[in-house]
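Residue numbers (the UniProt record's numbering): 1 to 382.
Structure record follows, encoded as structure tokens.
In structure tokens form, the structure reads like this:
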């Protein structure tokens, strides 16, 4: 789950090279995962015994275009990262009408996408979204010796838990510290099993959805040698680190929301059985200047899903944040990750606040071309 690991050399259009145990090919602006039609089962958690640590699973079936990514997703950030804006869109129109089923993202029709969630750091605006973190036991949520920290509310600095919801400040998340973004709708039975005591909100739903992100990943030049993204309930350290675990190794990724509902960093979740992860922008080595993207589904234990080793440039300048789109296009069974720029489509999104709605032309622009296409071969993770 965006935890950084060594990779093996893969086929590359160009000359591959190795850095700190990871292989890279070429810098790109756009990666598309194609033929993402999948069917199978994963093991969902159905009970957790916080006294004994017993964890029970049941099979959950999935099938169709983008499955299991058509299930609700949670959005995750790891520092050092300065988050400026996030916008989440689903098919619809400003008048509230919903397109007919099957008319997916970027299908060339007159369909629009409407914004259902929005965060703006400068304006301190959070609409339809909630910030959480793995700080259970600090103000909210729960910590147990068997499963560790549940999700909790996160404080405005992004350094620990809180007793009530807070809007993340216009600040840089510290190295190795993490934040989770979900909807502002409290969980019900549709969320699946939720660990007792956890703060739980619904993930972002729908097969077709678009995430727009504005952020930078500045280097962490501190000299501290201790930090942890998994604090105990009594942890007070808020100092970033360039030498500790995951130091100066930022990431943005999406998870099947059932994972944080149970225990994100414990075996008692559905991740190992392939319920779904999309690494959007992940730096694989401490201090690295390259960010990769990958997809994990089916059975990531067998080597993970498609994700060639083309890379994006890490946006290190806080004054020049990157704008990135993640498009889930069910009609074409593909997912695209695009760094927005003058050479690509959707130039309307390069400046200012992300809009309330996206026209079909803008959505099509987000899917234009792709210099880093990655065919998924129809069966993810196989």
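For each residue, glycine too, the CB sits at the ideal point set by N, CA and C.
Which residue's Cα is closest to the Cα of residue 322: 82, 136, 27, 45?
Ranking 82, 136, 27, 45 by Cα distance to residue 322 puts 82 first.
Between which two residues does the alpha helix (DSSP H) containing residue 261 stretch?
Segment 258-262, the alpha helix (DSSP H) holding residue 261.
Could you tell me the distance, in whole angstroms, from the CA atom of residue 126 to the CA atom of residue 282?
Cα to Cα, the separation comes out at about 25 Å.
Nearest to residue 313 by CA position, among 222, 280, 329, is which residue?
The shortest Cα separation from residue 313 among 222, 280, 329 belongs to 280.
Ordered along the chain, which non-local residues of its own chain (more than five positions away) have a Cβ less than 8 Å from that of residue 229?
With a pLDDT of only 38 at residue 229, under 50, the local geometry of the prediction cannot be trusted, and the value read off the model is given with reservation. The residues are 78, 134, 176, 177, 178, 245, 246.
Please confirm whether residue 117 and residue 183 have their CB atoms less than 8 Å apart.
Their beta carbons are under 8 Å apart, which means residue 117 touches residue 183 by this criterion.
Could you tell me the distance, in whole angstroms, from the CA atom of residue 296 to the CA atom of residue 20?
So the two alpha carbons sit approximately 22 Å from each other.
Going by the DSSP bridge assignment, what does residue 169 pair with across the sheet?
Paired residue(s): none; residue 169 is not in a bridge.
Considering only the beta carbon of each residue, do residue 30 and residue 334 sit closer than 8 Å?
For residue 30 and residue 334, no; Cβs fall outside 8 Å.
Is it buried or exposed for residue 67, if we count other Cβ within 10 angstroms and need 16 for buried?
Buried, since its Cβ has 16 or more Cβ neighbours within 10 Å.
Can residue 72 and residue 356 be called in contact, C-beta distance under 8 Å?
It is not a contact, given that the beta carbons lie outside the stated cut-off.
Between the beta-carbon of residue 258 and the beta-carbon of residue 70, is there less than 8 Å?
In this structure, residue 70 does not lie closer than 8 Å to residue 258 by Cβ.
Under a three-way DSSP split, which group does residue 231 fall into?
Residue placement at residue 231 cannot be trusted, given a pLDDT of 37 that sits under 50; the coordinates are not used to answer.
What whole-angstrom Cβ distance do residue 136 and residue 197 have, given they're in contact under 8 Å?
Yes, they are in contact, since the Cβ atoms of residue 136 and residue 197 sit about 7 Å apart, within 8 Å.
Taking the alpha-carbon positions, what's the residue 80 to residue 363 distance?
So the two alpha carbons sit approximately 30 Å from each other.
Using three-state DSSP, classify residue 212 as helix, strand or coil.
In this structure, residue 212 counts as strand in the three-state DSSP scheme.
Which runs of the beta strand (DSSP E) fall wholly inside the region 14-38 and span at least 3 residues, in chain order?
With a minimum length of 3 residues, the continuous beta strand (DSSP E) runs that stay inside the region 14-38 are 17-19, 22-24, 30-34.
Measure the C-alpha to C-alpha separation of residue 17 and residue 34 and round it to an integer number of angstroms.
Approximately 25 Å between the Cα atoms of the pair.
Around the C-beta of residue 52, are 16 or more other C-beta atoms found within 10 angstroms, so that it is buried, or is it exposed?
With fewer than 16 Cβ atoms within 10 Å of its Cβ, residue 52 is classed as exposed.
Considering only DSSP beta bridges, list what residue 134 is partnered with.
Answer is none; residue 134 lacks a bridge partner.
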